[in-house]
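Here the structure comes first, spelled out in structure tokens, and everything after it is commentary.
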Amino acid sequence: MRLQALPSRQDNYIWTLSGEDGGAIVVDPGESAPVFAAAADGLRPAAVLLTHHHYDHIDGTAELLQRWPGLPVYAPHDPRIAFACQRVGDGDRFALLGTRIAVIEVPGHTSSHIAFHLTRGQDGWLFCGDTLFSLGCGRLFEGTPAQMHASLQRLAALPGDTRVCCGHEYTLSNAAFAHAVEPDNPALQRRIEEAKAMRRSGHPSLPSTLADERACNPFLRCTEPAVIAAVTRQSGRPPHDAVETLAALRRWKDGFAA
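If you count by numbering that gives the first Met the number 0, then the sequence shown holds residues 0 to 257, one letter each, in order.
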């Protein structure tokens, strides 16, 4: 299977996972033009996966359906995704292109956000939209810190070699905040240098792996003493639990300027 990140809008990625024959799963097509360009090079969309209702993740879908009528679309139970699609929710499982797909509900960024965990042989991919970013997490537009913490912990429990395919190229901006939280984390230093090198060469900083995120991403490290100490210094008092740590990290990040 070939994984490709198609740049879209300012900093979005439309992900495609394709087999040798060019048949491809397309994830979160926020616009159609990048998919049409890939199709000119041989990509053949076989299905669309949508993680949540935000326009920069779904707005290209209607034009894809115009070009490829009958293209199956899998989306969360949310009336804000108005076109015809197959609704899927937590625990649903299906297969596409010989790849097994499990649906995980991950509320927090939005109330109906889902992630797709794909596996084929020893390979695994996580299409997590705007819930988990490399070195960060999504803003809490509709959910609570408790929901986001639970969602992130569910994703973090997947195998460590799972490739994390996020919806945006936010790694370096997230890195500045992660470094402010854990300046002495050697795994984080390595990930920052890796991401800088990838961006300098014109490549996406993604996918990362869940093992890297568990070692570097402060939002997955809410029980680590260094993260708790940083939150305590920032807020002036120690958090009561991991959920309060995540809430404090998210507030800090929301107002953070490198």
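Glycine included, every Cβ here is placed at the ideal spot set by N, Cα and C.
Is the distance from the Cβ of residue i to the Cβ of residue j below 9 Å?
| i | j | result |
| --- | --- | --- |
| PRO106 | SER150 | yes |
| ALA256 | VAL230 | no |
| GLY59 | SER7 | yes |
| ARG92 | ARG99 | yes |
| LEU154 | LEU131 | yes |
| LEU64 | PHE82 | yes |
| LEU2 | CYS164 | yes |
| ASP27 | GLY120 | no |
| TYR73 | VAL47 | yes |
| ALA210 | GLY159 | yes |
| THR170 | SER200 | no |
| HIS108 | GLY69 | no |
| ALA4 | LEU205 | yes |
| ASN184 | ALA214 | yes |
| PRO203 | GLU168 | yes |
Pull the bridge partners of residue i from the DSSP assignment, please.
| i | result |
| --- | --- |
| ALA101 | ARG92 and HIS116 |
| ALA159 | For the record, residue 159 in the displayed sequence is Gly; it is not Ala. None, per the DSSP bridge assignment. |
| TRP14 | ALA4 and VAL26 |
| HIS167 | ASN11 |
| CYS136 | LEU131 |
| ARG43 | GLY22 |
| ARG86 | ALA74 |
| TRP124 | LEU117 and ARG162 |
| THR208 | ARG162 |
| LEU48 | VAL26 and TYR73 |
Comparing alpha-carbon positions, which option in the options lies nearest residue i?
| i | options | result |
| --- | --- | --- |
| PHE126 | PHE176, ILE227, PRO238 and THR208 | THR208 |
| ALA175 | GLY166, CYS164, ALA81 and LEU187 | LEU187 |
| ILE259 | TRP67, ASP89, ARG213 and ALA61 | This structure cannot settle anything about residue 259, because the visible part of the chain is limited to 0 through 257. |
| ALA241 | ARG189, ASP183, GLY235 and GLN146 | GLN146 |
| TRP251 | GLN152, ALA177, GLU223 and ALA38 | ALA177 |
| GLY21 | GLN233, THR161, ASP40 and ASP77 | ASP40 |
| PRO78 | GLY97, ILE57 and GLY90 | ILE57 |
| ALA212 | ASP253, ARG190 and ALA37 | Looking at the sequence provided, one finds Glu at residue 212 rather than Ala. Comparing Cα-Cα distances from GLU212 to each of ASP253, ARG190 and ALA37, the minimum goes to ARG190. |
| GLY97 | ARG232, GLU19, GLU193 and LYS195 | GLU19 |
Going along the chain, which residues of its own chain have a beta-carbon closer than 7 Å to the beta-carbon of residue i, five neighbours each way excluded?
| i | result |
| --- | --- |
| ARG249 | LEU139 and PRO144 |
| ALA23 | THR15, LEU16, SER17, LEU42, ARG43, PRO44 and ALA45 |
| THR244 | CYS221, VAL226, ILE227, VAL230 and PRO238 |
| SER234 | ALA247 |
| GLU223 | none |
Assuming residue i and residue j make a contact with CB atoms under 8 Å, what is their CB distance in whole Å?
| i | j | result |
| --- | --- | --- |
| ASP122 | MET0 | 7 Å |
| PRO75 | HIS53 | Actually they do not touch by this definition, with Cβ atoms about 12 Å apart. |
| GLU262 | GLY128 | Because the chain in this structure spans residues 0 to 257, residue 262 falls outside the shown range and cannot be described. |
For residue i, I'd like the list of residues in its chain whose CB is within less than 6 Å of its CB, leaving aside the five on either flank, ordered along the chain.
| i | result |
| --- | --- |
| ALA101 | ARG92 and HIS116 |
| ASP55 | ARG8, ASN11 and GLY29 |
| CYS84 | VAL72 and ALA74 |
| THR161 | GLY123, LEU125 and LEU209 |
| GLU141 | THR109 and SER110 |
Which same chain residues end up closer than 8 Å to residue i when comparing Cβ atoms and leaving out the 5 residues on each side of it in sequence?
| i | result |
| --- | --- |
| LEU157 | HIS116, GLY123, LEU125 and LEU209 |
| TRP67 | PRO44 |
| ASP253 | ARG138 |
| VAL34 | LEU5, ILE13, THR15, VAL25, PRO28, LEU42, PRO44, GLY59 and LEU63 |
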